[in-house]
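Peer 1: Following the working numbering, the numbering of the sequence shown begins with 161 at its first residue and continues without gaps.
Positions of the beta carbon are idealized from the N, C-alpha and C atoms, including for glycine.
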Amino acid sequence: MTRRILLVEDEQDIAELAALHLEDLCDDVHIANDGNDGLRLALSQDWALIVLDLRLPGVDGLEICRRVRRERQYQPILMLTSKSSELDRVLGLESGADDYLTKPFSVLELAARARAILRRVDALRGAPVAEPDSGAIAAGPVSIDPSRREVTLHGESVELTAREFDLLEHLARHPGRVFRRSDLLDQVWGYGHEGYEHTVNSHINRLRAKIEPDPSHPSMIVTVWGVGYKFAAALQ
Ligand code: CA
């Protein structure tokens, strides 16, 4: 099957440079120079990945992302934003992008992110990865008992869903280590799970609401901007 990438970017220089690097990952890169073209192409053809600039003449990137997600739930989308305030919009609106990069970004980073998304899509056909492990984990006020699947905060039991528990255990087992959202999807959700990175974000947010003293300023599950999340090492 031919693997094609759609790149929706109105800045010609960026589009050409990005296309040059994305071409290594697929059979063909198609550039759309405005939002109207981008939306039409996104919905009318099959794409292994859509790389979508936020600011576009015509329909903007967020709107394209939403419309695509509505019709093609599992279409991989990588969003490009110009500044962190736009990133907030992308995240805040739960646009459904799988990953995002803030401009100026390195084309190598773009290629790496695109490769990771494509690899994950390929891996969706594989078997889930189980990571059995045991032994209680104590991290500051939080205590995790994997064998009983129990979590306590200051000695009080905390109700977590199965996935929240797995996510917390995985992060807490590797304090200080930074995980990309794609890593967490592979390692916690497992290969074969049809999840995307916004799934990780929303689980992290729910987990924070349950264990963080101040969920809006997390001290345990820390965001590493542009990369992912880590469990604060200082707690151990
Ligand atoms: Ca633009």
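1) For Arg232, name the three-state secondary structure that DSSP assigns.
2) What residue from Val189, Gly386, Leu216 has the CA that sits closest to Gly195's CA?
3) With DSSP as the reference, label Val168 as helix, strand or coil.
4) Across which residues does DSSP place Asp259 in a beta bridge pair?
5) Is Ala192 helix, strand or coil when you go by DSSP?
6) Report whether the distance from the Cβ of Glu231 to the nearest heavy atom of ligand 1 is below 7 angstroms.
7) Glu246: beta carbon under 7 angstroms from a heavy atom of ligand 1?
8) Can you tell which of Arg337, Val228, Glu183 has its C-alpha closest to the C-alpha of Ala393?
9) Classify Gln116: buried if its beta carbon has 16 or more other beta carbons within 10 angstroms, exposed otherwise.
10) For Ala287, which three-state DSSP category applies?
11) Would you check whether ligand 1 has a heavy atom nearer than 7 angstroms to the C-beta of Val222?
12) Return the CA-CA distance between Arg230 and Glu316, expressed in angstroms with no decimal places.
13) I need the boundaries of the beta strand (DSSP E) containing Thr383, first residue and last residue.
14) So, is Val228 buried or exposed, given that buried needs 16 or more other C-beta atoms within 10 angstroms?
15) Give a yes or no on whether the C-beta atoms belonging to Leu327 and Leu344 are separated by under 8 angstroms.
16) Shorter than 7 angstroms, the distance from the beta carbon of Leu216 to the closest heavy atom of ligand 1, or not?
17) Can you tell me whether Ser362 is buried or exposed? The criterion is at least 16 other CB atoms within 10 Å of its CB, across all chains shown.
18) For Ser303, which residues from the same chain have a beta carbon less than 6 angstroms from its beta carbon, with the 5 sequence-adjacent residues on both sides left out?
19) Leaving out five residues on either side along the sequence, give the residues of the same chain with a beta carbon under 7 angstroms from the beta carbon of Asp220.
20) Rank Leu320, Glu357, Val382 by C-alpha distance to the C-alpha of His334 and give the top, closest one.
21) So which of Ser307, Pro264, Ala202 has the shortest CA-CA distance to Arg232?
22) Could you pull the DSSP bridge partners for Ser404 from this structure?
Peer 2: On the basis of the data shown:
1) Coil.
2) Comparing Cα positions, the closest option is Leu216.
3) Val168: strand per DSSP, three-state reduction.
4) According to DSSP, residue pairing for Asp259 in a beta bridge involves Leu238.
5) In the structure shown, Ala192 falls within a strand segment according to DSSP collapsed to helix, strand and coil.
6) Checking the Cβ of Glu231 against ligand 1 gives no.
7) Checking every heavy atom of ligand 1 against the Cβ of Glu246, none is found closer than 7 angstroms.
8) Ala393 has its Cα closest to that of Arg337, out of Arg337, Val228, Glu183.
9) Any question about residue 116 goes unanswered here, given that the chain covers just 161 to 396.
10) At Ala287, the pLDDT of 33 sits below 50, so the modelled position is not reliable and the matter cannot be decided from this model.
11) Rather than Val, the amino acid found at residue 222 in this sequence is Leu. Because no heavy atom of ligand 1 lies under 7 angstroms away, the Cβ of Leu222 does not count as near it: no.
12) Taking the CA atoms as reference points, Arg230 sits about 41 angstroms from Glu316.
13) Its beta strand (DSSP E) spans residues 381-384.
14) By the 16-neighbour rule on beta-carbons within 10 angstroms, Val228 is buried.
15) Judged by beta-carbon spacing, Leu344 lies within the 8 angstroms limit of Leu327, meaning their Cβ atoms are closer than that value.
16) Checking the Cβ of Leu216 against ligand 1 gives yes.
17) The residue in question, Ser362, is exposed, as its Cβ has fewer than 16 Cβ neighbours within 10 Å.
18) Same-chain partners within the cutoff: Thr312.
19) The answer, listed in chain order, is Gly195, Leu214.
20) If we check each option's Cα against that of His334, Val382 comes out closest.
21) By alpha-carbon distance to Arg232, the top candidate from Ser307, Pro264, Ala202 is Ala202.
22) A question about residue 404 goes unanswered here, because the residues of the chain that appear run from 161 up to 396.
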